[in-house]
Amino acid sequence: MGPAMNSTPILELTNVSKRFPGVNALKNVNLTLNTNEILGLAGENGAGKSTLIKILGGVHQPDEGSIELYGKQTEIQNSHAAIEMGISIIYQELSLVPELSVAENLYLGALPKKQAGRIDFKTLYENSREILNILGLDISPKTKVGGLGISIQQLVEIGKALVRDAKILIMDEPTSSLGREDAERLFLTMKNLKQKGYGIIFISHRLNELFGVTDHITVLRDGEIIETRPTKTWDMDSLVFAMVNRKIDQFYPKREVPIGEKVLTTTNLENKLIHDISFSIRAGEIVGISGLMGSGRSELVKTIYGVYRLKKGNIQIDGKQCRIDSPQSALKHGIALVPENRKAEGLVLESTVKENVVMSVLKKISRFTFISVNTINKITDYAVKYFDIRTSSRNQKVIKLSGGNQQKIVFARIAETNPRILLLDEPTRGIDIGSKVEIYNKIMDFAEKGTAIIIVSSDILEILGLTDRVLVMKEGTIVVEVNTKDADSKIIMDYATGGK
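Set out below in C-alpha cells:
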C-alpha cells in the first residue's frame, strides 16, 4: 500500500494568492512537495499557514495561481475532493470515536461488508493489521481507541489517512499535546512513511522539531514565501530571522528591575518527587529552573503550589512559615501557577473568554450571590486589550482560539489574582514566536511590579534570556545554582546531564 518509491514532485503550487476582506492572506505562493520528502512549514500565527492548508484541503479556493497534483493541473473544489485526490490533513484535535475499536476508527465510513450487508470483521481486522504494521504499532485492531494514549491515537489518525489511500499528509501541530518520547515515536513513523514514498508537510511551533525530522523548510511571513531551502542549511538564528525579521537575541526583553526583599524561602523540601530542595527568591527577581525531562522541575513548582504534599521541609513567605497543602491555600498566600498543560489544567476549553478570565476572582467580584455582568465585561475587555488576546468577542469559546491566545488567557486569569509569587511551568510551549515575545514582555511587567517569578522551561535560550539566576535540577534535587550572566547552554546542559 502507498505510492511508489521515487522522489518526484507530487504537489506544486504556482503563484497562489488568496484574499479576504481587508487581508491578503496569501501572495504569489510557490511551493513544491516531493515524494519521499518531509517539508517543514514555519511561520508566525497570521503568516498564512492555515489559509494554505485550507486551500490544499479544499476549504478555500485560490483567487489566483494554479495547483498541480501528480504533474496535472487541478482544482480542489471541496474537502471531499481533496480526500479523493489523496490529500489528508491531520489536525491538532483528533477526530476519533473513543467508544469504537482501532479497526472501526480506521475504516469508519468504509467498513468492508459481506454480501448480506453485515460488516466483514475478518477482512476489517486483516486490513487493519496491515495498516498498523505500516505505522509500527503492535496493538490489537480490536482495542478501544478511548483506552489508548494520545500518541497512539495520533498514529491511528494517520492510519485513517492511509486507509483513504492518501499520498500527501499535512500534519498541523501534531505534537502540541505530546511529550518528548511520544513525539519521537511520531517522528519515527513519519520517517518510515517518507521512505515508503509519501509526501509530508509538517507544521510545528516547536522549531527544534523541524530540524530533527524535515528535509526542507519553507518559511511563510505575511502571506508570502520568504525562503525554502534544505533543513541542514538552516540554524535557529536564520530560521527565526526569516520568520519574524528579527534576530533571536531581540526576543528576550530583559529589563533592569530593582530586586527587593526575600518573598519565598524553601528549606529542605522533600516528598516522593523532590529531595532536599532549598532556595529563596526576592521580589522582582526571576529564577529559572532547568534540567532534563523527569528531573523534578515541574514537580517542584507543583509542590510549592500545593498540588503535591510535603513529607518534610518548610516554606516561608515574608519570613513566616506557611502550610500550603492545596492550590487553594497557595492562592490565599499569593502564589499563582501557569501550568504546563494549559488545555487540561489551565483552561475550560468549552467556556468563553470572559468565563475563563474571571474564573479565579468570582468570589472577589461578587456581592452575596450576585455577580455584575458589567464588572465581568470590564475585567475581560481590559484583559483582552492588555494581553492582546485576538478573539472575535468576549463570548467566543476558548477552544476556538490559537494556542498563543489561549495561553494569554491563562496569564490574564492569573493576573486578576495579583500574585506575589508567580510559578510558570513551560509558559511558551506550543505557541508561535510572536506570541512568545508578547508573553515575555508580560512576564517582565510582572517582575517590575515586584512579583517573584519562577520559570520552568525546556528551552535553555528562554531560561538564559529571561532570568537572573538558574537552578539546575537532576534526579529530583538541585545540583547547582548559577548566575545567568555567567551561564551558557553548555554549562547548564553539563550540570543537567551529570557532565560536571
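The opening residue of the sequence shown carries number 1017 in my numbering; numbering runs sequentially from there.
For every residue, glycine included, the Cβ atom is placed at its ideal position computed from N, Cα and C.
Secondary structure, alpha helix (DSSP H): runs of 4+ residues fully inside the region 1183-1257: 1196-1211, 1223-1229
Buried or exposed: arginine 1339, going by 16 or more other Cβ atoms within 10 Å of its Cβ? exposed
Return the bridge partner residues of glycine 1322 from the DSSP annotation. None, per the DSSP bridge assignment.
Is DSSP giving aspartate 1079 helix, strand or coil here? coil
Inter-residue spacing [alpha-carbon to alpha-carbon] between isoleucine 1302 and glutamate 1497: 13 Å
Cβ shell of proline 1019 (< 7 Å), same chain only, five flanking positions each side left out: Legend: pLDDT at proline 1019 = 46, less than 50; position of this residue unreliable, no value from coordinates given.
Buried or exposed, going by whether 16 or more other CB atoms sit within 10 Å of the CB of phenylalanine 1218? buried
Do you know how far the Cα of valine 1488 is from the Cα of leucine 1226? 27 Å
In or out: methionine 1021 buried (at least 16 other Cβ within 10 Å) or exposed? With a pLDDT of only 49 at methionine 1021, under 50, the local geometry of the prediction cannot be trusted, and the value read off the model is given with reservation. By the neighbour-count rule (16 or more Cβ atoms within 10 Å), methionine 1021 is not buried but exposed.
Using the rule of at least 16 other Cβ atoms within 10 Å of the residue's Cβ for burial, across every protein chain shown, is leucine 1204 buried or exposed? exposed
Out of Thr1391, Ile1297, Gly1165, Leu1289, which one is the CA nearest neighbour of tyrosine 1324? Leu1289
So is serine 1342 buried or exposed if we call it buried at 16+ other beta carbons inside 10 Å? exposed
Taking 8 Å as the threshold, find out whether the region 1115-1126 comes into contact with the region 1143-1163 through three or more Cβ pairs. yes
So threonine 1159 is in the alpha helix (DSSP H); what residue range does that whole segment cover? No alpha helix (DSSP H) contains threonine 1159, which DSSP labels as neither H nor E.
If you draw a straight line from the alpha carbon of lysine 1065 to that of alanine 1058, how long is it in whole angstroms? 8 Å
Report yes or no: do the region 1098-1110 and the region 1167-1185 share at least 3 C-beta pairs separated by less than 8 Å? yes
Taking phenylalanine 1036 as part of the beta strand (DSSP E), name the residues at either end of that continuous run. 1025-1036
Asparagine 1372, buried or exposed, once every other Cβ within 10 Å from all chains shown has been counted against 16: buried
Got a sec? Which residues, its chain only, sit under 8 Å from glutamine 1169 by beta carbon, not counting five neighbours each side? Leu1110, Leu1112, Val1161
Among Arg1245, Gln1131, Ile1476, Arg1410, which has the Cα closest to the Cα of leucine 1049? Arg1245
Would threonine 1433 and serine 1376 qualify as a contact pair, given that the criterion is a beta-carbon distance under 8 Å? yes
What separation, rounded to the nearest whole angstrom, lies between the Cα atoms of leucine 1353 and isoleucine 1069? 35 Å
Determine the contact status of glutamate 1464 and arginine 1271, defining contact as a CB-CB distance below 8 Å. yes
My guess is that glycine 1056 and histidine 1232 are in contact by the Cβ rule of under 8 Å, so how many angstroms apart are they, rounded? 7 Å
Find the nearest neighbour of glutamate 1142 within the set Ala1132, Gly1152, Pro1128, judged by alpha-carbon distance. Pro1128
Can you check which of these residues, Gly1163, Val1039, Arg1035, Lys1379, is closest to histidine 1000 by C-alpha distance? The structure shown has nothing for residue 1000, since the chain only spans 1017 to 1516.
Just mark alanine 1098 as buried or exposed, buried being the case when its beta carbon has 16 or more other beta carbons within 10 Å. buried
DSSP state of serine 1294 mapped onto helix, strand, coil: strand
Count the other CB atoms, across all protein chains shown, that sit within 10 Å of the CB of aspartate 1504; report buried if there are 16 or more and exposed otherwise. exposed
Within a Cβ cutoff of 6 Å, which residues of the same chain sit near alanine 1258, ignoring the five residues on either side of it in sequence? Val1235, Ile1242, Glu1243
Is it buried or exposed for phenylalanine 1462, if we count other Cβ within 10 angstroms and need 16 for buried? buried
Measuring alpha carbon to alpha carbon, tell me which of Gly1073, Arg1298, Glu1197, Glu1361 ends up nearest lysine 1318. Glu1361
Counting only runs of 4+ residues fully inside the region 1452-1507, write out the alpha helix (DSSP H) ranges in chain order. 1476-1482
Per DSSP, cross-strand counterpart(s) of threonine 1283: Asn1330
Apply the 10 Å Cβ neighbour rule to lysine 1416 and answer buried if 16 or more other Cβ atoms are within range, or exposed otherwise. exposed
Whole alpha helix (DSSP H) runs in the region 1388-1427 with 4 or more residues, listed along the chain? 1389-1402
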